[in-house]
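A short write-up of the structure that comes next.
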Amino acid sequence: MVNTGRFVILVLAYRFLSYVVYMGSPSAGGGGGLEAVQADHLQMLSPVVPSGGQGRAALTQSYHHAFEGFAAALTEKEAAALSGHERVVSVFKDRALQLHTTRSWDFLEVQSGLQSGRLGRRASGDVIIGIIDTGVWPESPSFDDAGMREVPARWRGVCMEGPDFNKSSCNKKLIGARYYGVQPESSSNASRAGEAAAAAAGSPRDTVGHGTHTASTAAGAVVADAGYYGLARGAAKGGAPASRVAVYRACSLGGCSSSAVLKAIDDAVADGVDVVSISIGMSSAFQSDFLSDPIALGAFHAHQRGVLVVCSGGNDGPNPYTVVNSAPWILTVAASSIDRSFQSSIVLGNGAVVKGVAINFSNHSLSGGQYPLVFGAQAAARYAPLSEASNCYPGSLDARKVAGKIVVCVSTDPMVSRRVKKLVAEGNGARGLVLIADAEKDVPFVAGGFALSQVGTDAGAQILEYINSTKNPTAVILPTEDADDFKPAPVVASFSARGPGMTESILKPDLMAPGVSILAATVPSAERDDVPPGKKPSAYAIRSGTSMACPHVAGAAAFVKSAHPGWTPSLIRSALMTTATTTNNLGKPVASSTGAAATGHDMGAGEISPLRALSPGLVFDTGAQDYLNFLCYYGYKEQQVRRVSGDARFSCPAGAPSPDLIAAGVNYPSISVPCLRRGRPATVVRTAINVGPSNATYAAGVEAPPGVAVRVSPDRLVFSRRWTTARYEVTFGVAAGAGVGKGYAHGAVTWSDGAHSVRTPFAVNVL
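At position 412 of the sequence shown (counting the first as 1) the number is 412 in the UniProt record's numbering, and the numbers step up by one without a gap.
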C-alpha cells in the first residue's frame, strides 16, 4: 500500500516462492539423461506457467536418481494447479530446515564391556558416509588419508571445485564434495553475508564449522593430542576412522533449503554412499506430513536403494511430542552426556568453593585477588524492573554498579539466552558472570576468555546468602578444568527432543548417542568469538546438540556395515537398537535430565553400543513393503502410495487406512501401542531373523510396567540355522483389578540365548 497524501494506491503483485514438486519413484526405464529429465519437467510446467513467465520458471533443482521431481519458482495458484497433475504426489514450499546444533567413542567402548581389539578386527574400510551439512574444512587433520587404500571402484561421485576448493582438496579419506547454491528463503541477509565467499562463488568449503564437526565425528581419522585450548586433550577420532567421507554442502548459517537437501540425498544415493548423516530438520512446531517432508521423502527412496539415513531428533526437549525426523524408515537419534564434565569453580570471599559448569579461559586466579560480587537486582539501571535486572536483560543493568565486578544473574525467563546474558555482563564492564539456572546446566556454555560459571538453584542460594551476609562480598571464577570419569553418565540431554513423534504407533526416537560437549574438528575462523586472549583459533571445537549425536550413530552404522557388508539398512538399525544399553556407569538405569528414569520417549532403545551391535544374535528386517503399508495405514490414498513405490501393481492391505494397525503391521525393532483400552487387549506381531549360531534357542523375558499385563507367545524361539526366521506375538492388556493410571507406560521384551540379549522396548498408552 502506498500513501501519496491525497490517494491510497493498492499495489498488487504476484509473490513467487520456491516449491518442491515430488513425483515418487522414477518410472521404470524412463528418464534418460539429466537433460531429458529436465526437458520433461519443463514441459510439465508449460501449461501451468503463463508464457511470459517461462524464464522465471527455470528449474532450480531436478531429481532423477533415487526419486523423481523438481523445484521451481511458482505462485501459490501455479503450485495448486501442479498438485492436481496425475504424475505428482505432493507439492510443498521450499522451507528452511534448521541445523540441530574424542572421548565419546572411548566412553561408548567402556560402557559396552567389550574390547575393540577383538571385535574391531572384523570391521574393514571402504564404507562411504555421506554428510549433508554446511560443507567441510578439508585441511583439518581429521581428513588425512595416510595409510588408506585406494578409493572404492564403485564410487561414482565428484569433487566439485570452487575458488577456494580444488580437486586436490579431496583425497582417499574425503573422497567427494558437492555444493548447492539454493539458500533458504528465511535466511537473514546478515547470516547469508557471513558465507558470501563460499555461497556466491560456489564451493563445498565450510565456513560455519557445523559440517566439519559432524563429518569428523562420524569418520574422522585418528588425530593424536587434539584438544580445545588445553581442555578435552587426547586422541580425536571418528566412529569409523577407516570409512570414507563424502560431503554435500546444502546448508548455511541460516539453515538449509528443502530443495537443496532433497537434491543432496538424491546425489548421495547415486554417488554410491552407504550411510547418510543428516543433522538438520524442521522445527517441531511446524512439522509436515510425511509426503511433504523433504528429509522423509529422500530417506524413503534412499532406503529403497539400500542406503541407511540417520537423522538428529531435534533440540526442542525436554517437552514431549518434540522429536522430528520421525518417519519409520529414518534412524532417529537422541542426545546424551558422556563421562566428562567441564567445571569452573567459584571461590567466595568467605573461602567457600562452589562448583559450577562452563568452559571459560579467564585470567582469574586465587593469587590474583578477588572481585566485588553483586546480584543483578542490586545493580539495576534506573527505571529497570528488578526482575529484568536479576535476569540480566539487555539495558537492565547500571554499568557504574557492574563495571569491574562479578555479576550474579538468575534465569527465570527463558527468553534471554545464556549468550545474551554474557554479552550484557561484558558490555557493562563486568569481570565475570555467575549464572544461577538448572536449565541447560548439563550443557557447558562456551564463554571464551570471559569468566563465567553456571550453578544450580541450590548452589545459587548459597551464593546469594553469602552476598546478603556481608557488606563487601567478593569472589573469583577459576578457569575451567576437565572432570573425567564423571558420574552418572550417560544422562539424556535436556535439549534432546522427546517422543512421541508424528505417529504414536512408532516409538521415537530410536537410539541415543553422545551429544553433549563433543570435541571434533571445526573451521578455525568460525570460533573466533570464543578464542582466549593471546591464543590462535583452535582446529577443534566443543559443541552440543543432537547434531553431534547423529554422526555418532552414522559412524557406528558404518562400523557395523563394514563387518556385515550384505546387511540392509533395517538390519543395521535393528542391530544397533536391540544391543543398546540402558544402564549408566553406576550400574543404574539411565536417567533423564530431570532426574527421573529415562523412558523410550526420551532415549529410544537406549545408548548405542557399536561393539555389541556387531553380534546382535537376532535382527528385525523392516522392508519397503512394511513402509508402504505404513503409508496406507496412516491414511494416504492407494494411488499416492503406488506412485511413491514405483510399482504400478501395488495395493494397500486390507483394513487400511487404520492408524491402529501400524504397530502390528510394521516389523519394527521396538513397539508402540497408542491406544490400550481396558478390556480390549492389543496384539503386536514381530518376525525375528537369526544372525547368530545355528541351533539357537531364545527365551523371552518381560519388563512389564505396573498394571500392564504382557504375554509373549511363543515364549521360546528355536532356530536350526542362521538366517532362519521365527514369528511371535506380544499381547498387552490392563491387568485385572489394577489401578493403573492413564498415559504411557514403558517396558521391554528381551530374548536371550545365554550369549546374546535382544531387547525390544515398548510404550503403551493406557486410555
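Just so you know, even glycine gets a beta-carbon here, dropped at the ideal spot from N, CA and C.
All figures in this text were calculated on a predicted structure; none of them were measured in a lab.
Residue nearest to residue i in terms of C-alpha spacing, selected from the options
{"i": "A699", "options": "A755, G306, D626", "result": "A755"}
{"i": "V708", "options": "V764, A39, S694, D753", "result": "V764"}
{"i": "H601", "options": "R305, V324, H210", "result": "V324"}
{"i": "I671", "options": "C632, S694, E729", "result": "E729"}
{"i": "N391", "options": "Y383, Q370, M415", "result": "M415"}
{"i": "T760", "options": "L519, G349, L507", "result": "L507"}
{"i": "S615", "options": "A597, V560, R418, G595", "result": "V560"}
{"i": "E736", "options": "R680, G432, S752, G202", "result": "The sequence given here has Ala at residue 736, not Glu. Ranking the options by Cα distance to A736, first place goes to R680."}
{"i": "S496", "options": "T332, A541, V641", "result": "T332"}
{"i": "I175", "options": "I280, V158, G162, P163", "result": "V158"}
{"i": "P141", "options": "A73, R95, A219", "result": "A219"}
{"i": "A80", "options": "K405, V49, Q287", "result": "V49"}
{"i": "S168", "options": "I280, W137, A96", "result": "W137"}
{"i": "D339", "options": "V710, P669, V590", "result": "V590"}
{"i": "E388", "options": "Y371, V408, L373", "result": "V408"}
{"i": "A745", "options": "L676, R498, G84", "result": "L676"}
{"i": "V353", "options": "F361, Q343, N360, E86", "result": "Q343"}
{"i": "I129", "options": "A302, F165, H41, A73", "result": "A302"}
{"i": "D413", "options": "Y393, E426, S538", "result": "Y393"}
{"i": "G317", "options": "P500, A39, Y668", "result": "P500"}
{"i": "G227", "options": "T697, G665, A541", "result": "A541"}
{"i": "P669", "options": "S505, G595, R722", "result": "S505"}
{"i": "A250", "options": "A221, I295, A153, A232", "result": "I295"}
{"i": "I330", "options": "F719, S279, N171, G635", "result": "S279"}
{"i": "M548", "options": "G429, A475, A215", "result": "A215"}
For residue i, three-class secondary structure by DSSP
{"i": "S187", "result": "The predicted model places S187 with a pLDDT of 41, which falls under 50 and marks its position as unreliable; any figure quoted below should be read in that light. Looking at S187 - three-state DSSP - the assignment turns out to be coil, as it is neither helix nor strand."}
{"i": "L639", "result": "The sequence as given places Gln at residue 639; Leu does not occur at that position. Helix at Q639."}
{"i": "C652", "result": "coil"}
{"i": "S367", "result": "coil"}
{"i": "P589", "result": "strand"}
{"i": "Y393", "result": "coil"}
{"i": "I608", "result": "coil"}
{"i": "A541", "result": "strand"}
{"i": "K742", "result": "coil"}
{"i": "Q287", "result": "coil"}
{"i": "I406", "result": "strand"}
{"i": "R431", "result": "coil"}
{"i": "L767", "result": "coil"}
{"i": "F16", "result": "coil"}
{"i": "S713", "result": "strand"}
{"i": "S257", "result": "strand"}
{"i": "S658", "result": "coil"}
{"i": "V644", "result": "helix"}
{"i": "I330", "result": "coil"}
{"i": "R156", "result": "coil"}
{"i": "V247", "result": "strand"}
{"i": "A597", "result": "strand"}
{"i": "D753", "result": "coil"}
{"i": "C675", "result": "strand"}
{"i": "P669", "result": "coil"}
{"i": "N629", "result": "helix"}
{"i": "L297", "result": "helix"}
Residue(s) in a DSSP beta bridge with residue i
{"i": "P761", "result": "A748"}
{"i": "V223", "result": "A236"}
{"i": "residue 770", "result": "The chain is shown from 1 up to 767; residue 770 falls before or after that span and cannot be answered."}
{"i": "A513", "result": "A335"}
{"i": "T697", "result": "V718"}
{"i": "T583", "result": "P589"}
{"i": "residue 785", "result": "Because the chain in this structure spans residues 1 to 767, residue 785 falls outside the shown range and cannot be described."}
{"i": "E703", "result": "A748"}
{"i": "I572", "result": "Bridge partners of I572: none, in fact."}
{"i": "I689", "result": "V619, T725"}
Chain C within 8 angstroms of residue i, Cβ atoms only
{"i": "G306", "result": "Looking at the structure shown, chain C is missing, and only one protein chain is on hand."}
* Ignoring anything shorter than 4 residues or poking outside the region 435-499, list the alpha helix (DSSP H) runs there in chain order. => Listed in chain order, they are 457-469.
* Asked: Just checking, does the region 465-483 make contact with the region 619-633 on the three C-beta pairs under 8 angstroms criterion?
  -> no
* Please confirm if the region 647-666 is in contact with the region 576-583, defined as three or more CB-CB distances below 8 angstroms between the two stretches. => no
* Taking the runs of the alpha helix (DSSP H) that are 4 residues or longer, which of them lie wholly in the UniProt domain "Inhibitor I9" (18-100)? -> 34-45, 76-83
* Determine, using beta-carbon pairs with one atom in the region 512-531 and one in the region 561-573, whether at least three such pairs fall under 8 angstroms. => Verdict: no, contact absent.
* Asked: Should the region 255-269 be called in touch with the region 87-97, which here means at least 3 C-beta pairs below 8 angstroms?
  -> yes
* To do: Spell out a yes or no on whether the region 540-558 and the region 308-316 are touching, meaning 3 or more CB-CB pairs, one atom from each, closer than 8 angstroms.
  => yes
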